[in-house]
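Please read the structure below before turning to the comments.
Pasting the structure below:
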């Protein structure tokens, strides 16, 4: 049916896909999983020719389709949906599907404008196909509504209906269940099953392992561009490599070396690993926070508090709402309901630059350094709101002692740094703004295990120096090995709280990632 | 030999006019890279400067060196304010509807400003007293006009100053930061309204400077902006919209291209040649010569 | 609530349109004369001069009790120099304001576009465009009040050879109709004398930088450089030409002596020779009176656009007096037989509607355009 | 009446309502001034519909309509004055000539990025055309322009009076409106919108971006060519200065003011931009200032164009009525 043979895809230096093979049989439902940035979507893009493979080939129904145009692929019978819904928002629901249904019919200018009977009949047929698909996914009653007015779950269904309307033999679904509530997910599972029964082969990228294990016959696991495992969901869930890929490697628990000296420099009386100071005042408190993206509810009644000087890690799988949590706190996203209190002051819905001014500093996912600014300039931007030059210079020295590598590259453009160095720069920049509370978002993302150790150990040493830290991580082992307390976030809800050690031991963590 | 002389003189002339194109192009690219909008009424910002400068000059009505400097500064300052007004009053509110609306709004804006200028200063235009020698001097075999050299020199100085401002000052760096990643800049406590307005004003004052530089060479009319601004826009796009060095190169390139095609092909088809070349360059490099990258997609 | 205001706004708009455009304005007892020219856009200056001249004339006539008691009223309209707009303006003047006659447009292409409407409406028009084609349309209602390009540049060409004895002549013209027509007429006139123009360079109206063309001209080192085009452009050319060290005698068509051009030329226009229908320095007392009054009113010297505006009004007034009434037929016949002597010379309309037939020549001395006859 | 229903009503019937209203005008008022403006308005409508297809529906920002318009005018003018071809033959030929030009522009337009890059390419194209009109004197008579373009004849009877011209023009306007309405509701129309809304997913359902973009340029060019030909014969004289950048901008303005990607919107916009400047003559020397202000305000406050006003007013009266009926 579909065979991807030794496909490699490079973006500049980054290898997104490394010599990946994939064979999918007629009628099968194949799962495609892996942690963030493991190249799942890239693989879809290569199959549908949105991106040309650097090497390797893709063949569909025995025909080599490498180097086709995307529209040719879809005419050949490969349909897909997108991770971030890509609908024709301005069109009605029906027209969305109708446009797809005409995939195989010619555009005759004379015909369509003068409406020859032949064309009329064709149009009627297309409309039937479209309506059938809407019925099939169960949104026919909305056919006259503009697509953007649909609820999120329905938009996902519409996108599927649109894909089906091209009468494909192979359907690629990119995170169809993202942002759906359990009932919606159940309906989706049923839908996909019916699709497969209708004889269409399905490949599905999905983070929610329950969905995957309910649906698929076999699952392929990618980790940083490499295929690390393939098998039934059960096999995959118990595969050591897979668990490592998701929860992180054990060697992280081993204490990083040299942390002491760092802490010493940070200029703090007590050693870095001495128990953190007794909780004094409450630094940060969330009360019944509900946050939405459009009409997707991402955070559900989140409440927790963070004491001054504490180091708390929030772990959870992709799409659990970790980043949303931090964005809500740092004022980049206003919660629909609930309160955020910072050092006794209510900061709910305050503008982000105001919040920063109060010492609540957010290090965004993917670092968000300024690529064309030099390392020094990046750091100075961190101190943008501060006036006292001497203090600033002192903190600059401090940052350089924590991250000596930054000092070596002081004049280098931020964009030219390696991933790890960029992460250090981002953290250093945050330190430059003299934060009272530091919010770290996925610092380990896209870093090699060795670098993860290095970065997190420096984070720990910062905490050792009395820094209050809220860390959000996918890499559970790594995060919990350095933090004091841990929360587990699962589809927008806090399911577990406790001392880092206990949490790490708790079986529900694995469930949160890989399902039961 | 004769041809060589002609060539050099043509190129010099092209560089002179081109350096002015560059200033306007810079204005466009700065605004795009920093604020992600296009000011299609740049020509009116350009035009407002010499008019204000003239009014101040007449007011002071002593043609001393100082009063020149003062009037020019006044003109440039006024231009930056006109630019800011255009941004706050027209561009920002239309930008949320989309690119098309920005174009339309700006057209309205330029009609408005042009005709206000006609009401105030009349449509017959005014001569700007020349503060730079226009006597040609002979350098080697070449006849060069000091004024042109001055124009080039001052443009270069202005560009240098811009570079220093962006590279060395704290606020300049903040502007670049905001241009690269708005949301994260916000996280650093850099307020967008500040950097946006500042970017607009700096850019507009560059356009204004271009205006006063050309004023003594040209005649100051309410319509003087339209042609130069379109050239400046072309230059900016040619250089890669939103790319600062690209804007400079694009401007000089356009100036020289025009002059050469006029000198060696035909003055009738001067504009056509420029247009055709631009189309070909864009076909070869769809994002302009110095592609500002997908991120800067306009 | 917002919606309500919007609704009101829409209805108001619709009513206004219908009301304003469909109804005819009430008849007044004054004789209305329409004046069309670009009053906004790139050529707005033309409109300003035309208005100045015409308004001055109307005020004079009304001050002296009007024509046999009836006063004149001047109705100004803007054509933006765009043909379709000119036609719209003309239609408004004819069918809303019921003007007795129309002067303008100051540019040729709008004039050409208006002629069919004139033929249909059958009222006199006094165009100021100088394109020869305007009087070639066999339209009995056209009375041109400026010398056309053929006459102007033809006589200029004769003058350069016969009077100035120049043989090495270069022409530099804009690529719009005025310039092209001009250069062709000069070439034609010189061909009769068996002389070729050295070179025939051109520029696009509105250009600011002419170095490339001037470099080519400089190489030929002509005795005289004839410059034809928009006034600002001509000024810039003379300035940049001198900067390049071109020594030739500058010669130009109407407008090259204007303040505008001199301003743009900044001194380089000194000594330029020009042919014009009107020269302010003309000793003729009638002209002097006009110039004096104009300068008082508008703080600037009148050019031939202003003079044409002034003459046009007096021509019409004269015709109304002679014809006895302001009815189209009578007006037309009176104009046809008019022998009115204006500030541009004596008008004498031929069958085609050409009014002025000879030019005056002048020279700019100390920034002042003076009448000029060689040898003196 | 719900907004949706009103919109449906608008898109389906109101084009024809507008045209009907306009077309009874000359029967009521015989004022030639009004007729001339409405004839211009008719020509504008055709232009606006053309612009709307490429910009409103296919989402390609195109600032070169003046170029296609010019090609239409000159093709027809030259054919009729030089070769004595009949208007009825010249018309389709000029549309075809413009259409070919449309392809010529469409192809480079594919290569460059959207936004400012496309703007520059289309503007340059129109610029080139204008230069050619000015300089190829032997063919186009250069800046002098072409005069004495003959009026069309129907069965030996010449279209001379304004009223006849009015109905001839609006005959074509109605044809073009029918065509455009059909087109945008056809497969092609849907594909255009798909390209506008999301090129990514358009490709994913088998839409060939290149084909549809060029097609959009071709159609809008053909319409512009048609309008140009009508203009040439109506004015009987044409010159290059008419076909400048300002015209391209004006046409873009029409669809923005009227209401983007809506056929009735283009009709409304075309007529409005023909009529409003005439109304503003009442303001004398402030004419253009008011005009500029008007443009700014409408772009800021009426993103969906004057059409929105209409929709609201219908709702407004709908509510009023319902209140009346419901009131005891």
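Protein chains in written order, with this note's numbering: chain F, 4 to 519; chain B, 6 to 303; chain R, 14 to 389; chain Z, 1489 to 1816.
Backbone N, C-alpha and C fix where the C-beta goes; we use that ideal spot for every residue, glycine too.
Should residue 275/F be labelled buried (16 or more other beta-carbon atoms within 10 Å of its own) or exposed? At residue 275/F the pLDDT is 39, less than 50, meaning the model places this residue with poor confidence; the figure from the coordinates comes in the next sentence. Buried, by the Cβ-count rule.
Using CA atoms only, rank isn't needed, just tell me which of 382/F, 40/F, 335/F, 490/F is closest to residue 400/F. 382/F
Roughly how many angstroms separate the alpha carbons of residue 203/R and residue 264/R, rounded to a whole number? 15 Å
Going straight from the alpha carbon of residue 325/F to that of residue 1711/Z, what length do you get? Cα to Cα, the separation comes out at about 54 Å.
Which residue from 20/F, 93/F, 238/F, 23/F puts its Cα closest to that of residue 1748/Z? 93/F
Classify residue 258/F as buried or exposed, calling it buried when 16 or more other Cβ atoms lie within 10 Å of its own Cβ. Caution is warranted here: a pLDDT of 43 is assigned to residue 258/F, below 50, making its placement in the model unreliable, and the coordinate value is therefore given only provisionally. By the neighbour-count rule (16 or more Cβ atoms within 10 Å), residue 258/F is not buried but exposed.
Starting from residue 307/F, trace the alpha helix (DSSP H) in both directions and tell me its first and last residue. Not the alpha helix (DSSP H): residue 307/F falls in the beta strand (DSSP E), residues 299 to 310.
Any idea if residue 331/R is buried or exposed, counting beta-carbon neighbours within 10 angstroms, 16 or more meaning buried? By the neighbour-count criterion, in which a residue is buried when 16 or more other Cβ atoms sit within 10 angstroms of its Cβ, residue 331/R is buried.
Would you tell me roughly how many angstroms separate the C-alpha atoms of residue 375/F and residue 39/B, rounded to the nearest one? 13 Å
Classify residue 396/F as buried or exposed, calling it buried when 16 or more other Cβ atoms lie within 10 Å of its own Cβ. exposed
Determine the extent of the beta strand (DSSP E) in which residue 491/F is found, giving its start and end residues. Per DSSP, the continuous beta strand (DSSP E) segment holding residue 491/F begins and ends at 488 to 493.
Under the three-state reduction of DSSP, which class applies to residue 1564/Z: helix, strand or coil? Looking at residue 1564/Z - three-state DSSP - the assignment turns out to be helix.
Enumerate, from N- to C-terminal direction, the unbroken beta strand (DSSP E) stretches of 3 or more residues contained entirely within the region 303 to 357 of chain F. 314 to 318, 340 to 345
With DSSP as the reference, identify every bridge partner of residue 1/F, one or two as the case may be. As displayed, chain F neither begins before 4 nor continues past 519, which places residue 1/F out of reach and without an answer.
Among 74/F, 328/F, 327/F, which residue has its Cα nearest to the Cα of residue 1696/Z? 74/F
For a contact meaning CB atoms closer than 7 Å, what does residue 189/B contact in chain F? 367, 371
Hey, residue 116/R and residue 146/R are a contact pair by Cβ (cut 8 Å); roughly how many whole angstroms apart? Actually they are not in contact, since the Cβ atoms of residue 116/R and residue 146/R sit about 19 Å apart, beyond 8 Å.
How far does the alpha helix (DSSP H) with residue 125/F in it extend, from its first residue to its last? 120 to 140
Restricting to runs no shorter than 4 residues, where is the alpha helix (DSSP H) found entirely within the region 174 to 216 of chain R? 190 to 205
Tell me whether residue 11/F sits in a helix, a strand or coil according to DSSP, three-state version. strand
Locate the alpha helix (DSSP H) running through residue 1779/Z, then write down its first and last residues. 1775 to 1789
Output, in chain order, the set of chain Z residues within a Cβ distance shorter than 9 Å of residue 162/B. The contacting residues do not exist; residue 162/B stays about 28 Å from chain Z at best.
Output needed in chain order: residues of the region 192 to 206 of chain B with a Cβ under 9 Å from some Cβ in chain F. 192, 193, 194, 195, 196, 197
Can you confirm whether residue 109/R, when its beta carbon is compared against all beta carbons of chain Z, has any partner nearer than 7 Å? yes
If you scan the region 1715 to 1760 of chain Z from start to end, which runs of the alpha helix (DSSP H) of 4 or more residues do you find wholly inside it? 1733 to 1746
Residue from 14/B, 93/B, 9/B, 19/B with nearest C-alpha to residue 256/B: When each option's Cα is compared against that of residue 256/B, the closest is 19/B.
At the level of alpha carbons, what is the spacing between residue 144/F and residue 132/F? 15 Å
Whole-angstrom C-beta distance between residue 27/B and residue 208/B, which should lie under 8 Å: With 8 Å as the limit, residue 208/B and residue 27/B do not qualify as a contact, their Cβ atoms being about 13 Å apart.
Counting only the same chain and skipping the five closest in sequence on each side, list residues whose C-beta sits under 7 Å from that of residue 1463/Z. What the structure shows of chain Z is the stretch from 1489 to 1816, and residue 1463/Z is not part of that stretch, so it cannot be assessed.
So residue 1501/Z is in the beta strand (DSSP E); what residue range does that whole segment cover? Taken as a continuous stretch (DSSP letters only), residue 1501/Z belongs to no beta strand (DSSP E), as it is neither H nor E.
Using a C-beta to C-beta distance shorter than 9 Å, which residues of chain F count as neighbours of residue 1539/Z? Ordered by position in chain F, no residue passes the 9 Å Cβ test against residue 1539/Z, which lies about 18 Å from the chain.
Select from 480/F, 498/F, 23/F, 90/F the residue whose C-alpha is nearest the C-alpha of residue 12/F. Put simply, of 480/F, 498/F, 23/F, 90/F the residue whose alpha carbon is nearest the alpha carbon of residue 12/F is 23/F.
Assigned secondary structure, residue 355/R (DSSP; H/G/I helix, E/B strand, else coil): The DSSP-derived three-state label of residue 355/R is strand.
In the DSSP output, what is residue 216/F paired with across the bridge? DSSP lists no partner for residue 216/F.
Could you tell me whether any Cβ in chain B is nearer than 7 Å to the Cβ of residue 388/F? yes
Assumed close pair residue 322/R, residue 63/R - CB separation to whole angstroms, cut-off 8 Å: 4 Å
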